[in-house]
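Under full-length UniProt numbering, the residues of the sequence shown are numbered 1 to 302, in order.
Ideal Cβ positions, reconstructed from N, Cα and C, are used throughout, including at glycine.
As the structure is a computational prediction, the values presented were derived from the model and not from experiment.
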Amino acid sequence: MSRSKREAVERAARQLGYVPNPSARALATRQTGAAALIVSGEDPSIFADPFYAQVIVGASQALEEADLHLMLCLAASDRGRTRVEELLRSRGADGVMLMALRENDPLTRMAQEAEIPVVFGGRPVGSAPRWYVDVDNVGGAREATEYLVSLGRTRVAAICGRLDTEAGRARYRGHRDALLAAGLDPLPPQEGDFTEPSGAAAMAVLLADHPDLDGVFAANDNMAAGALRMLRASGRAVPDDVAVVGFDDLTVAQVADPPLTTVHQPVTALGREMARMLVTLINGQEPTPLILPTRLVTRSSA
């Protein structure tokens with residue numbers, strides 16, 4: 001169709017108040033006008049977590065610029081994963097963003113077999129996807145631990161995230177590397193699941209096993225908040241007795257008691273860049289993987 005004819009058709013449609021039917025458009029173009037954000041998690045309230053809320057804000061902003069709307073999916077059970085597999089096979093979205101994958105997660109295989117573009121938020125354990133957006137987990141954790149060492153702390157423990165996730169492993173690796181570089185022996189880490197209660201439970205074990213510890217790196221702010229709560233309950237002063245550093249720089253870090261020194265990761269930008277990368281793929285172009293920088297934000301806990 002020539003440009004003049006197209007403009008005439010569009011002008012007539014506006015005059016008649018015609019609104020395109022999304023379903024008909026999808027049948028004609030095999031495009032849905034939607035992109036899906038799929039999180040491999042167990043808790044239906046996960047999208048209310050401040051981390052994922054910021055990811056959603058960033059992704060929504062970028063997709064809106066591309067005239068795409070956002071679908072949210074939680075693959076928590078076998079039934080949920082089956083629905084995701086059906087979505088991938090039936091091209092129920094123009095593209096997919098995947099987050100929170102664990103080791104041997106079936107979603108990784110589904111993504112590799114998908115006939116639509118897939119972008120990973122964070123690299124999955126044990127594989128190297130072509131397209132992903134991540135943050136410098138190793139570098140951020142290393143900087144956090146180096147800061148604790150610079151304060152004269154020599155008995156520094158880690159509350160690491162789930163070690164079946166790449167973020168959990170990478171942040172512990174950065175922490176461990178920093179201690180070894182300083183000539184300090186790493187204490188055995190305590191694993192949490194990135195929630196506040198798991199941070200408190202891990203802190204209780206660390207205090208029982210290593211009562212002389214004087215520093216803690218927690219792999220996210222929620223677990224750091226739990227550690228602060230347990231330290232208060234045990235009568236330890238923060239930061240005088242034990243200095244604490246987290247990772248994320250979410251609102252919980254600012255309202256913690258005391259306010260939390262933490263590694264800032266650009267969470268909204270993570271969601272935005274994932275969506276932009278996906279749009280690039282949908283448009284038939286080839287993006288490159290992206291790793292976003294982190295930085296240390298010092299407050300009163302260390």
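Discussion item. So, under 8 Å CB-CB, Ala275 and Ala75 are touching, yes? Tell me the CB distance rounded to an integer number of Å.
Written reply: Between Ala75 and Ala275 the Cβ distance is about 19 Å, and since that is not below 8 Å, they are no contact.
Practice prompt. Using alpha carbons as the reference points, say which of Ser40, Glu64 and Glu196 lies closest to Glu103.
Written response: Ranking Ser40, Glu64 and Glu196 by Cα distance to Glu103 puts Ser40 first.
Worksheet item: What did DSSP end up calling Phe120 once you bin it into helix, strand or coil?
Response: strand
Fill in: Beta-bridge pairing of His69 - partner residues as DSSP gives them
When beta bridges are read from the DSSP output, His69 appears opposite Ala34.
Worksheet item: Within 10 angstroms of its Cβ, does Ala48 collect 16 or more other Cβ (buried), or is it exposed?
Response: exposed
Practice prompt. Might you give, ordered along the chain, the residues of its own chain that have their beta carbon closer than 6 Å to the beta carbon of residue 366, omitting 5 neighbours on each side?
Written response: In the structure as shown, the chain starts at 1 and stops at 302, and residue 366 therefore has no counterpart that could be examined.
Fill in: Assigned secondary structure, Ala243 (DSSP; H/G/I helix, E/B strand, else coil)
strand
Item to complete: For Gly161, write down the residues that DSSP places opposite it in a beta bridge.
Response: According to DSSP, Gly161 bridges with nothing at all.
Practice prompt. Drop a sphere of 10 angstroms on the beta-carbon of Asp241, count the other beta-carbons inside from all chains shown, and report buried for 16 or more, exposed for fewer.
Written response: exposed
Item to complete: Starting from the N-terminal side, write out each stretch of the beta strand (DSSP E) that is 3 residues or longer and does not extend beyond the segment 240-284.
Response: As far as the segment 240-284 is concerned, its whole beta strand (DSSP E) runs of at least 3 residues are 243-248 and 261-264.
Worksheet item: Identify the residues that DSSP records as bridge partners of Arg295: which are they?
Response: His264
Discussion item. So, with DSSP's three-state summary, where would you put Asp134?
Written reply: strand
Worksheet entry | Beta bridge counterpart(s) of residue 390 as assigned by DSSP | With the chain covering only 1 through 302, there is no way to say anything about residue 390.
Worksheet entry | Same chain, Cβ closer than 7 Å to Ser198, five either side skipped, listed in chain order | Gly192, Met223 and Gly226
Worksheet item: What is the residue span of the alpha helix (DSSP H) that Leu98 lies within?
Response: From DSSP, Leu98 is part of no alpha helix (DSSP H) but of the beta strand (DSSP E) over Gly95 to Met99.
Discussion item. For Val84, report the span of its beta strand (DSSP E) as first-last.
Written reply: Careful: Val84 lies outside any beta strand (DSSP E), inside the alpha helix (DSSP H) at Asp78 to Arg89.
Discussion item. Can you give me the C-alpha to C-alpha distance between Asp257 and Ala141, rounded to a whole angstrom?
Written reply: 22 Å
Worksheet item: To which residues does DSSP link Phe217 through a beta bridge?
Response: Ala158 and Val245
Fill in: Sequence-distant residues of the same chain with beta carbon closer than 6 Å to Thr268, five excluded per side
Gln54, Val57 and Gly58
Fill in: Backbone secondary structure at Leu187 - three-state DSSP
coil
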